[in-house]
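Heads up, the sequence shown is in the working numbering, so the first residue is -7 and it goes up one at a time.
One structure is given below, encoded as structure tokens.
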Amino acid sequence: MNTLTIAPSNAFANQRHIPYACILWIGLSLFSGRLHGDPYVSDVLRYQSGQGFAVAWDTGIGYTNTLAVLGPPSRETPGDFGGPVDPFSPPYLAEQLLSIGAGGSVTLAFDTPVFDHPANPYGLDFILFGNTGFSIINGDYTGGGVTDGSMFGGGNLEVELWVSADDQDYFRINPSFLTQLGNGFPTDGLGDFTLPLNPALRNSDFTQQGYVGIRQRYAGSGGGLGVNLSWVEEGPSLPWVRYLRLDVHSGRLDLDAVSIVSPQGPVPTEKIVEDFASDPLVDGRWQLHGEPSLFEWNSAMERLEVTWDSSQPNSFLYLPLDQTLNKEHSFTLSFTLELDQLEIGVDPEKKFTFPMALGLMHMEEGLRADYYRGSGMHETFGPRGLVEWSYHADSGFGATLSSGFVSLDNQWAMQNTFPLELVMGAVYEVILDYDSREQSLTTTMTENNLPFGPIQKASLDAFYGAPLDGFTEFGVDALVIASYSDLGQPSPEFAGSLLASGWVDQMTLRTGEEIEGVEIRRGEVVTEVELDAIKGASYWLEKTSDFVRWETRGFLKSDQTASQTIADLGGEDPHGFYRVRALTP
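As structure tokens, then:
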């Protein structure tokens, strides 16, 4: 057995905060071949065709060949009426698609597991490819087609998606996240099948677009419908799975392929810094929900002017992250804030205080039509998925600073510090520092560069709401400046309202920490990476053959500070290069 010890690169020596911690490169050997591990389905374990599966109109052959779903999605349709697979021309032959009718089911296996990796774009871990295509509305089928965003193929169907690590215990993906299952965006054979589409895309985004516009919005992706393993309902957190099962209850599902998402990076010094030197909405990174007039870029001062007006609908200026931060990820959020004016009780029917807020949000929850921050712990209307700093001006109980968490199950772990009043015209610097080891949020502030506070620490151990056996998960995926609607407050006699204005600047988000040295050991069957693990840290083993596309091959959640190993769970490969990424507490 050969042993090679690798020290951290000097490029990272002075970097404390980098995404998912230090990235360590380990070359196993020079190579002449590709990775044997494939990011696609390697086997169909079980298949029941069900009723109403697809049948070829000309030959009567059923779309029941399980070989059709193995390997990558179709890039080319063979035959006289074939050609490149693109957003207007989906795969349609029996040799390209496996069809599952009502009452049918298929169980798929991967040689290399699907990992819930925080470096996966948009938090999505695998992609389902079908046979949808964009409708052409201008009658040009010779290459100049334009769509209105509507699609053909797919259809009305009811499908459940289940995942498993051992082909014994299966856990269902929450159907509320899979409303487009069977109707994902079309495949583009020129795209990367391991790169998911931005889940914020809607059919309307493709209105009046041809090939160029569609591919600009695809941003290099090969299309399909991305799925996040963290969407498992009523089950344990799954770091990886090797099996997927699709049960069709009604309608018909035509499946071309399933791919594993490749983690992005490395980006050793990545952090989000927004200094508002340019209009945040111009380059498309920031997005707006609600009333546009509440967020105005001040070009002269290069900062964002904000109005918090609770009489308006929920209004958010938000920056989607390329990852989902959960309670296992350490991170630090900071920003600068000044208030010019603040008035509470502006609605005579709502005379008390109401929060102004900034922080991190699970945007799919935040964009709900029935999302009411003021409803508190409420099964239907309550907020879900928040890490937040907020301020309640004094309405008789003392001005209050709050910081903490709201879980995706509407559990609350907030700490209130009062009386602590913000002064109009003063400049405040706010730092929210989440420690995943302690699972606590420390808030520090300065007022005109002088210490302000102290502010109570929020802990995930001190929470209210069900389930009672522990705070579940906050799962935030966007940086947000929030002006909340004052609708939905449960006690009218204590309801509040707010009108405030000021500016925000210098928003920064950092994640992770650096790790120590790493040692690689290569055995005869599997490869293991040995490293000095930190208690509470998460480590991912990644492998490549070309330094372009990476596969996640192993995972370790360290329960102690000691030397530990990560095994390669993928197929046996004689050649390749590894790197280890970590998210330290």
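Here a beta-carbon is modelled for each residue, glycine too, at the ideal position from N, C-alpha and C.
task = Note down, in chain order, each residue of its chain lying with its Cβ closer than 8 Å to the Cβ of G602, except the 5 sequence neighbours on either side.
result = In this structure the chain extends from -7 to 577, so residue 602 is not present and cannot be described.
inquiry  = What does the alpha-carbon distance come out to for the pair H28 and R38?
reply    = For the purposes of this step, residue 28 is taken as residue 36 along the sequence shown, with counting starting at 1. For the purposes of this step, residue 38 is taken as residue 46 along the sequence shown, with counting starting at 1. Model confidence at H28 stands at a pLDDT of 44, short of 50, so the residue's coordinates are unreliable; what they give is reported in the following sentence. Spanning the alpha carbons of H28 and R38 requires a straight line of approximately 23 Å.
key: Completely contained beta strand (DSSP E) runs for the stretch 164 to 230, where each covers 3 or more residues   = Counting whole runs of 3 or more residues, the stretch 164 to 230 contains the beta strand (DSSP E) stretches 217 to 219.
task = Can you check the stretch 358 to 385 for any beta strand (DSSP E) of at least 3 residues that lies completely inside it and give the ranges in chain order?
result = Those beta strand (DSSP E) runs which fall completely within the stretch 358 to 385 and span 3+ residues are 378 to 384.
key: 8 Å Cβ cutoff met for G125 and P188   = By one-based count along the sequence shown, residue 125 stands at place 133. By one-based count along the sequence shown, residue 188 stands at place 196. Contact flag unset, no.
query = Would you report the Cα separation of A292 and P340, rounded to the nearest angstrom?
reply = Translated into the one-based positions of the sequence shown, residue 292 becomes position 300. Translated into the one-based positions of the sequence shown, residue 340 becomes position 348. Cα-Cα distance, rounded: 36 Å.
message = If I measure Cβ to Cβ from V98 and keep anything under 8 Å in the same chain, skipping five residues before and after, which residues do I get?
response = Mapped onto the sequence shown, residue 98 falls at position 106. For V98, same chain residues with a beta-carbon under 8 Å away, outside a window of 5 residues either side, are V36, R38, Y39, Q40, T58, V61, L90, I92, R237, L238 and L247 in chain order.
ask   = Quick one: what's L560 bridged to in DSSP?
value = Taking the sequence shown and counting its residues from 1, the one referred to as residue 560 is at position 568. The sequence given here has Asp at residue 560, not Leu. DSSP output for D560 lists no bridge partner at all.
message = I need the straight-line Cα distance from G136 to G202, nearest angstrom please.
response = For this step, residue 136 is matched to residue 144 along the sequence shown. For this step, residue 202 is matched to residue 210 along the sequence shown. If I take the Cα positions, the gap works out to 7 Å.
request  = Taking only the alpha-carbon atoms, compute the straight-line gap between A405 and M437 and give it to the nearest angstrom.
outcome  = Working through the sequence shown from its first residue, we reach residue 405 at position 413. Working through the sequence shown from its first residue, we reach residue 437 at position 445. Looking at the two C-alpha atoms, the distance is approximately 20 Å.
inquiry  = If we require 4 or more residues per run, which alpha helix (DSSP H) segments fall completely within the stretch 124 to 153?
reply    = Here no run is fully enclosed.
request  = Helix, strand or coil for Y476, going by three-state DSSP, please let me know.
outcome  = The residue you call residue 476 lines up with position 484 of the sequence shown. Note: Y476 maps to coil in three-state DSSP.
task = State the DSSP-derived secondary structure class of T392, mapped to helix, strand or coil.
result = Position 400 of the sequence shown, counted from the start, is the residue given in the question as residue 392. In this structure, T392 counts as strand in the three-state DSSP scheme.
ask   = Which residues in the same chain as P375 place their Cβ atom closer than 8 Å to its Cβ, once the five residues preceding and following it in sequence are excluded?
value = Within the sequence shown, numbered from 1, the residue matching residue 375 stands at position 383. Cβ neighbours of P375 beyond the five flanking positions: E357, G358, Y363, Y364, R365, S367, V398 and N402.
task = Could you tell me the boundaries of the beta strand (DSSP E) in which G351 lies?
result = The count along the sequence shown starts at 1 and reaches residue 351 at position 359. It spans M348 to M353 - the beta strand (DSSP E) in which G351 sits, taken as one unbroken run.
task = Would you kindly work out how many angstroms separate the C-alpha atoms of T186 and W300, rounded to a whole number?
result = On the sequence shown, position 194 is the one that residue 186 refers to. On the sequence shown, position 308 is the one that residue 300 refers to. Cα to Cα, T186 sits roughly 40 Å from W300.
message = Suppose only complete runs of 3+ residues qualify. What are the beta strand (DSSP E) ranges in the stretch 263 to 345, listed by chain order?
response = 264 to 266, 279 to 281, 287 to 290, 295 to 301, 307 to 317 and 323 to 336, all fully within the stretch 263 to 345.
key: G131 versus G145: straight-line alpha-carbon distance, rounded   = Translated into positions along the sequence shown, residue 131 becomes position 139. Translated into positions along the sequence shown, residue 145 becomes position 153. Rounded to whole angstroms, G131 to G145 spans 18 Å at the Cα level.
C-alpha gap between P64 and V151, whole angstroms = Looking up residue 64 in the sequence shown gives position 72. Looking up residue 151 in the sequence shown gives position 159. Answer to the nearest angstrom: the Cα atoms are 22 Å apart.
task = Let me know if F73 comes out buried or exposed under the rule of 16 or more other beta-carbons within 10 Å of its beta-carbon.
result = On the sequence shown, residue 73 is found 81 positions in, with the first residue counted as 1. It counts as exposed.
request  = Let me know if L(-4) comes out buried or exposed under the rule of 16 or more other beta-carbons within 10 Å of its beta-carbon.
outcome  = What you label residue -4 is simply residue 4 of the sequence shown in a count that begins at 1. Its pLDDT being 30, under 50, L(-4) is placed unreliably by the model, and the measurement read from it follows with that caveat. Residue burial annotation: L(-4) is exposed, with fewer than 16 other C-beta atoms found within 10 angstroms of its C-beta.
ask   = Just how far apart, CA to CA, sit G115 and D50?
value = As a working note, residue 115 is residue 123 in the sequence shown. As a working note, residue 50 is residue 58 in the sequence shown. So the two alpha carbons sit approximately 42 Å from each other.
key: the stretch 314 to 322 touching the stretch 459 to 468, judged by at least three CB pairs closer than 8 Å   = Cβ pair count under 8 Å is three or more, so yes.
ask   = Considering only the beta carbon of each residue, do V219 and D314 sit closer than 8 Å?
value = Within the sequence shown, the letter at position 227 stands for residue 219. Within the sequence shown, the letter at position 322 stands for residue 314. No. Outside cutoff.
ask   = Roughly how far, in whole angstroms, is the beta-carbon of T557 from the beta-carbon of E522, given that I think they are within contact range, below 8 Å?
value = Along the sequence shown, read from residue 1 onward, the residue named residue 557 stands at position 565. Along the sequence shown, read from residue 1 onward, the residue named residue 522 stands at position 530. That pair is a contact at about 5 Å.
key: Cutoff 6 Å; reference F373; Cβ partners in own chain excluding five residues on either side   = Here residue 373 refers to the residue found at position 381 when the sequence shown is read from its first residue. Cβ neighbours of F373 within its own chain (closer than 6 Å, five residues either side excluded): D362, Y364, S367 and G480.
Buried or exposed by the 16-neighbour rule on C-beta atoms within 10 Å, applied to F389 = Locating residue 389 in the sequence shown gives position 397, counting from the first residue. When all chains shown are included, F389 counts as exposed.
ask   = In chain order, what residues of the same chain lie with their CB nearer than 7 Å to the CB of V419, ignoring the 5 residues before and after it?
value = Locating residue 419 in the sequence shown gives position 427, where the first residue counts as 1. Same-chain partners within the cutoff: T328, E330 and N440.
inquiry  = How far does the beta strand (DSSP E) with D546 in it extend, from its first residue to its last?
reply    = Translated into the one-based positions of the sequence shown, residue 546 becomes position 554. The amino acid occupying residue 546 in the given sequence is Gly; Asp does not appear at that position. In the DSSP annotation of this structure, the continuous segment of the beta strand (DSSP E) that includes G546 starts and ends at E543 to K549.
inquiry  = If you follow the beta strand (DSSP E) that K535 is in, where does it begin and where does it stop?
reply    = Within the sequence shown, the letter at position 543 stands for residue 535. Start and end: S530 to T536.
ask   = When the Cα of Q200 is compared with those of Y383, L400 and D140, which residue comes out closest?
value = Position 208 of the sequence shown, counting from 1, holds the residue named residue 200. The candidate whose alpha carbon is nearest that of Q200 is D140.
task = Would you decide whether H109 is buried or exposed? Buried here means 16 or more other CB atoms lie within 10 Å of its CB.
result = Looking up residue 109 in the sequence shown gives position 117. With 16 or more other Cβ atoms from the protein chains shown falling within 10 Å of its own Cβ, H109 counts as buried.
ask   = With DSSP run on the structure shown, which of helix, strand or coil describes E356?
value = Residue mapping note: residue 356 aligns to position 364 of the sequence shown, counting from 1. Looking at E356 - three-state DSSP - the assignment turns out to be helix.
message = Short of 7 Å in beta carbon distance, which residues of its chain neighbour F610, apart from the five on each side in sequence? Order them along the chain.
response = There is simply no residue 610 to check, as the chain begins at -7 and stops at 577 in what is shown.
Nearest neighbour of S581, chosen from A211, N112 and S213 [CA to CA] = Any property of residue 581 remains undetermined from this structure, which presents the chain solely from -7 to 577.
key: Three-state class that DSSP yields for P484 in the structure shown   = One-based indexing of the sequence shown puts residue 484 at position 492. P484: helix per DSSP, three-state reduction.
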